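A.B. asks: First to last, the sequence lines map onto chains F and D. Mind the numbering: the first sequence is residues 1 to 108 in my numbering, read in order. Mind the numbering: the second sequence is residues 109 to 251 in my numbering, read in order.
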Amino acid sequence: MSTIVEGPVAQRLRGKLQDTFSPKHLEVVCESHMHNVPKGSEKHFRVQIVSDKFEGLRVIERHRLVNQCLADDLQNGVHALRIDAIPVSQWKGQVSEPSPSCRGGFGL
Amino acid sequence: MLRVLQRHALSGLRATYASSASGSGTASSSLTNEVRQKIDGVVKSDDVVVFMKGTQQEPMCGFSRNVKLVLDFHNVKFTDYNVLTDPEVREGIKAYSDWPTIPQVFVKGEFVGGCDILVQMHKEGEISDFLDSKQIPNKYGKK
């Protein structure tokens with residue numbers, strides 16, 4: 001769909017999510033271009049992930065699983081992570097909502 | 109009907125899921141007792157407390173702003189804590205709640221989630237029931 005080449009950070013996140021959740025669907029999108037950071041930065045990500053591992057879990061629990069999976073990255077350079085974690089039984093091909101506009105940030 | 113109304117309003121907000129984040133690079137595993145007590149004090153200072161970037165009058169981050177917009181939409185009064193003015197709390201809150209990003213919403217002392225979760229609760233209509241269950245006055249609740 002997209003012809004944009006995935007950066008090394010996005011590839012690393014994708015790899016970890018792939019290994020941990022064996023997702024049926026996985027989207028990892030760098031949104032740093034929408035934020036107040038140098039061009040080419042990989043700091044803001046959006047993840048949409050569909051997996052059996054989320055079945056029966058509350059939203060907060062699904063988010064915690066994703067946060068745990070990417071904990072190292074969140075402590076080392078990844079600044080923002082939008083999560084859309086969906087159990088397979090609730091996957092209907094829904095499209096993630098647009099991300100909020102940056103308000104200036106301040107010290108990423 | 110309420111849900112339709114909410115969805116409509118939300119599209120106006122251009123809100124998003126998004127737990128959003130603010131990992132400023134340092135490890136969040138260290139949390140001194142002093143900082144923990146400080147955060148405890150803030151968390152318990154009001155029924156609804158939001159740790160955010162900027163203030164509710166002037167959010168400095170789109171994710172923080174979305175949380176404010178959702179709470180405003182439901183007429184929920186809350187106390188804000190601007191983590192940009194307090195590096196200790198900015199890092200400490202992540203360890204405190206075991207959540208890597210900001211904003212963070214607490215209701216009656218309990219961590220509820222970040223921006224993604226608040227927006228999702230709003231979209232699915234469960235936020236009114238949740239606030240009712242915590243006895244927090246809100247626009248579309250039973251009270």
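All residues carry an ideal CB built from backbone N, CA and C; glycine is no exception. Every value quoted in this text rests on a predicted model; they were computed, and no experiment measured them.
Would you call residue 232/D buried or exposed, if buried means 16 or more other Cβ atoms sit within 10 Å of its Cβ?
C.D. replies: exposed
A.B. asks: Could you check how far apart the C-beta atoms of residue 220/D and residue 213/D are, in whole angstroms? I think they sit under 8 Å.
C.D. replies: 5 Å
A.B. asks: Straight-line CA distance for residue 248/D to residue 8/F?
C.D. replies: The alpha-carbon separation between residue 248/D and residue 8/F amounts to approximately 45 Å.
A.B. asks: Contact between the segment 141 to 156 of chain D and the segment 194 to 208 of chain D is defined here as three or more beta-carbon pairs at a separation below 8 Å; is this criterion met?
C.D. replies: yes
A.B. asks: In angstroms with no decimal places, state the Cα-to-Cα distance between residue 241/D and residue 80/F.
C.D. replies: 31 Å
A.B. asks: Can you check whether the CB of residue 88/F is closer than 7 Å to the CB of residue 52/F?
C.D. replies: Contact flag set, yes.
A.B. asks: Work out the CA separation of residue 250/D and residue 208/D for me, nearest whole Å.
C.D. replies: 34 Å
A.B. asks: Considering Cα atoms alone, identify which of 104/F, 65/F, 67/F and 50/F is closest to residue 94/F.
C.D. replies: If we check each option's Cα against that of residue 94/F, 50/F comes out closest.
A.B. asks: Is there a C-beta anywhere in chain D that falls below 7 Å from the one on residue 26/F?
C.D. replies: no
A.B. asks: Using Cβ-Cβ distances below 7 Å, what residues of the segment 72 to 86 of chain F are close to chain D?
C.D. replies: 74, 75, 76, 77, 78, 79, 80, 81, 82, 83 and 84
A.B. asks: Taking only beta carbons into account, state which residues of the segment 161 to 187 of chain D come closer than 8 Å to chain B, listed in chain order.
C.D. replies: The structure shown has no chain B; the protein chains it does contain are F and D.
A.B. asks: Per DSSP, what are the beta-bridge partners of residue 183/D in this structure?
C.D. replies: Partner(s): none; residue 183/D has no beta bridge.
A.B. asks: For residue 151/D, write down the residues that DSSP places opposite it in a beta bridge.
C.D. replies: None; residue 151/D has no bridge partner.
A.B. asks: With distance defined between alpha-carbon atoms, name the residue in 223/D, 205/D, 230/D and 196/D nearest to residue 142/D.
C.D. replies: 196/D
A.B. asks: Buried or exposed: residue 161/D, going by 16 or more other Cβ atoms within 10 Å of its Cβ?
C.D. replies: buried
A.B. asks: For chain F, find out if any of its Cβ atoms is closer than 7 Å to the Cβ of residue 228/D; answer yes or no.
C.D. replies: yes
A.B. asks: Who are the near neighbours of residue 155/D in its chain, counting only those whose CB is closer than 7 Å to its CB and skipping five residues on each side?
C.D. replies: 215, 216 and 244
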